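Going line by line, the protein sequences match chains Y and C.
Under the numbering used here, think of the first position of the first sequence as 1, with each following residue one higher.
Under the numbering used here, think of the first position of the second sequence as 1001, with each following residue one higher.
2 protein chains.
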Amino acid sequence: MFSILFVDDEQAIREGFAEYAQFLGYEVTQAADGMEAVERCRKQDFDVVILDIMMPRMDGFTACKEIRREKDIPILMLSARGEEYDKLHGFDLGIDDYVTKPFSPRELLARLNVIVNRHKAAAQGNAPGATKNEVYRFGGLVIDMSARTVETDGRRLEMTPKEYELLFHLVRNHNIALSREKLLSAVWGYDFFGEDATVNTHIKMLRAHLGIYERHIVTIRGVGYRFDPVLEEAIQ
Amino acid sequence: MFSILFVDDEQAIREGFAEYAQFLGYEVTQAADGMEAVERCRKQDFDVVILDIMMPRMDGFTACKEIRREKDIPILMLSARGEEYDKLHGFDLGIDDYVTKPFSPRELLARLNVIVNRHKAAAQGNAPGATKNEVYRFGGLVIDMSARTVETDGRRLEMTPKEYELLFHLVRNHNIALSREKLLSAVWGYDFFGEDATVNTHIKMLRAHLGIYERHIVTIRGVGYRFDPVLEEAIQ
DNA sequence: CTGCAAAATGAAAAATTCATAAAAGGTTGG
DNA sequence: CCAACCTTTTATGAATTTTTCATTTTGCAG
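Laid out in structure tokens, this is it:
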């Protein structure tokens, strides 16, 4: 059991989660915006902080930076859509985990347990640092998720946020066929009701950027796309 | 697309949501109170149930408990703003999410998508988001359902969507004879009104692709087809 | 062995899918 | 406020896939 600071501007969400977590024996403190969160953190040591991104007065990113400047507390971000998730990586705030809304209280608690324990272990000097270095190499194609860079044969590629996110998601799930629908909800967010054709267009631009490495992105007719680490030609 | 049971005593709210969701292709059934909801659930399998809390005859919590006792369906609760959230110990009843009134149909649908997909993933024993790696091997024939690839002796086969689906369904039900009718409704969908001969043609093309491994697909005269993991010749 | 029904085959017509191009809508930073 | 850029939608055509159907072949019962 540990203490949690839950920061969200929607009272209903705070109450709902607090009720559930308290019932299970966790100690939950609430705050309605980033400003209040920072103040509460100054007064008390929590084991973990849950920060919503969109909040009045002070947003989650700023609050995260502020809290981190003063204390070493694991932080979990709540984000509603892919675009915000996208920013999480861009800011390099060293957040420990994120959960997209709507979340199941059960799942959120499970993740909290993981990051709190990890943090405690790290404090004892046992475990490695918080930010995992996610680098993939496929021949001359190097994809560094944490640095948020993509290189082809040593040349840095300039890509748009959506293209990065799309590529990252394909690469994280390499060798798995992803439907356009799945890609939309994973990269664009659960509440995006756009056309499947949107994916087509972004895939097209992504391929254009990747040059000869575009062949890693395989079209699966009737379904969507898949990232193949190994090129077909190389096999035969 | 999935089927939704929307339970609320206010007809205007039901109609409003139903119209919006149906326009987008969702199948929406309505019920005016908890009692009716429970009855409808007994008659039909819905993919998700939306329950208002305050209703005549039987309130949302009781209905939730009742439905949950009989079936494993994800449930989303509706609560009016200002209504007691401590009542939302509903999480103990295992509700999957809740939304406060007034809600945006768009957001509600987005959340429904999340909990329905989460539930389906859980039913398949997968972690949410993660895709189970379903790989079958029959000698030199390797079928990877998650990558959506088929290999014969290390060589990847190019197949059409229907051929993949047909093969996957036969393999998932290996050793079981499947009638053309069953194959049609499983692979083509329950609402497909085509000829049985359609199956013949696709089986033919599938066999052509499989080469020597075509012998895994056995014709059962007067019935349909069956996938045999072990070849007859190998036994004798 | 024969006849019949079922299944396989081949091929053409119909339907769908996806890449491409281009336009329209939004955002952001100066 | 404008301009540049990013995102999304829409339109189109080529290529592929699916379906249907006529014909041939096969398997089986009598």
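Beta carbons are placed, not taken as given, at the ideal position from N, Cα and C, and that holds for glycine.
If you're wondering where the values come from, they're calculated on a predicted model, not measured in any experiment.
- For Gly34 of chain Y, the closest alpha carbon among the candidates Y:Gln44, Y:Val7, Y:Gly16 and Y:Arg42 is that of Y:Val7.
- Against chain C, the beta carbon of Asn175 of chain Y has neighbours under 7 Å at Ala1147, listed in chain order.
- Within the model, the alpha-carbon separation for Glu1039 of chain C versus Ile1067 of chain C is close to 9 Å.
- About 16 Å separates the beta carbons of Gly211 of chain Y and Thr160 of chain Y, which is beyond the 8 Å limit, so they are not a contact pair.
- Per the Cβ contact rule, the stretch 1170-1177 of chain C is not in contact with the stretch 215-231 of chain Y (fewer than 3 Cβ pairs under 8 Å).
- The beta carbon of Ala1110 of chain C falls within 8 Å of a beta carbon belonging to chain Y, placing the residue at that interface.
- When rounded, the separation of the alpha-carbon atoms in Leu1078 of chain C and Gly25 of chain Y is 26 Å.
- Collapsing the DSSP output to three states places Thr1152 of chain C in a strand.
- Residue contact with chain C for Ile95 of chain Y: absent (no Cβ-Cβ distance below 8 Å to any residue of chain C).
- The residue from C:Arg1215, C:Lys1182, C:Asp1191 and C:His1209 with its alpha-carbon nearest to that of Val1199 of chain C is C:Lys1182.
- At least one beta carbon of chain Y lies nearer than 8 Å to the beta carbon of Val1114 of chain C.
- Glu1107 of chain C has a beta carbon lying within less than 8 Å of a beta carbon in chain Y.
- A Cβ-Cβ separation of about 4 Å places Leu1005 of chain C in contact with Phe1046 of chain C under the 8 Å criterion.
- Under the rule that a run must span 3 or more residues, the beta strand (DSSP E) segments found entirely inside the stretch 93-128 of chain Y read 97-100.
- In chain order, Arg1207 place their CB closer than 6 Å to the CB of Glu1214 of chain C, counting only its own chain and leaving out the 5 sequence neighbours on each side.
- With respect to the 8 Å criterion, Pro105 of chain Y and Tyr190 of chain Y are not classified as neighbours on the basis of their beta carbons.
- Taking a beta-carbon distance threshold of 8 Å, Arg221 of chain Y counts as an interface residue toward chain C.
- A Cβ-Cβ contact shorter than 8 Å links Val1049 of chain C with Ile1075 of chain C.
- Taken in chain order, the complete alpha helix (DSSP H) segments of 4 residues or longer contained in the stretch 5-29 of chain Y are 11-23.
- Less than 8 Å separates the beta-carbon of Ile220 of chain Y from that of Ala177 of chain Y.
- Interface flag for Tyr1098 of chain C against chain Y is set, since a Cβ pair is found closer than 8 Å.
- Arg1040 of chain C is not bridged by DSSP to any residue.
- Between Asp1009 of chain C and Asp1059 of chain C the beta-carbon gap is near 10 Å, outside 8 Å, which marks them as no contact.
- Ala1080 of chain C places its beta carbon 8 Å or farther from that of Ala1063 of chain C.
- In the DSSP annotation of this structure, the continuous segment of the alpha helix (DSSP H) that includes Tyr164 of chain Y starts and ends at Pro161 to Arg172.
- Chain C has no Cβ within less than 8 Å of the Cβ of Gly34 of chain Y.
- Between the C-alpha atoms of Ser185 of chain Y and Leu1184 of chain C there is a straight-line separation of about 29 Å.
- Per DSSP, the beta bridge partners of Tyr225 of chain Y are Y:Leu178 and Y:Thr219.
- Between Arg1057 of chain C and Pro102 of chain Y, the beta carbon gap of about 29 Å keeps them out of contact (Cβ cut-off 8 Å).
- Around the CB of Asp1196 of chain C, fewer than 16 other CB atoms lie within 10 Å, so the residue is classed as exposed.
- Of all residues in the stretch 1156-1187 of chain C, the ones placed with a Cβ closer than 9 Å to any Cβ belonging to chain Y are Arg1156, Thr1160, Pro1161, Lys1162, Tyr1164 and Glu1165, in chain order.
- Identification of residues in the stretch 42-70 of chain Y having a C-beta nearer than 9 Å to some C-beta of chain C yields an empty set.
- Nearest in C-alpha terms to Met55 of chain Y, of all of Y:Trp188, Y:Val116, Y:Ile73 and Y:Ala31, is Y:Ala31.
- Listed in chain order, the non-local C-beta contacts of Met1205 of chain C below 7 Å within the same chain comprise Glu1163, local neighbours out to five positions each way being set aside.
- Annotation for Gln1044 of chain C: no residue places its beta carbon closer than 6 Å to its own, counting only its chain and skipping 5 residues before and after.
- As the crow flies, the alpha-carbon of Phe1002 of chain C is around 46 Å from that of Arg155 of chain Y.
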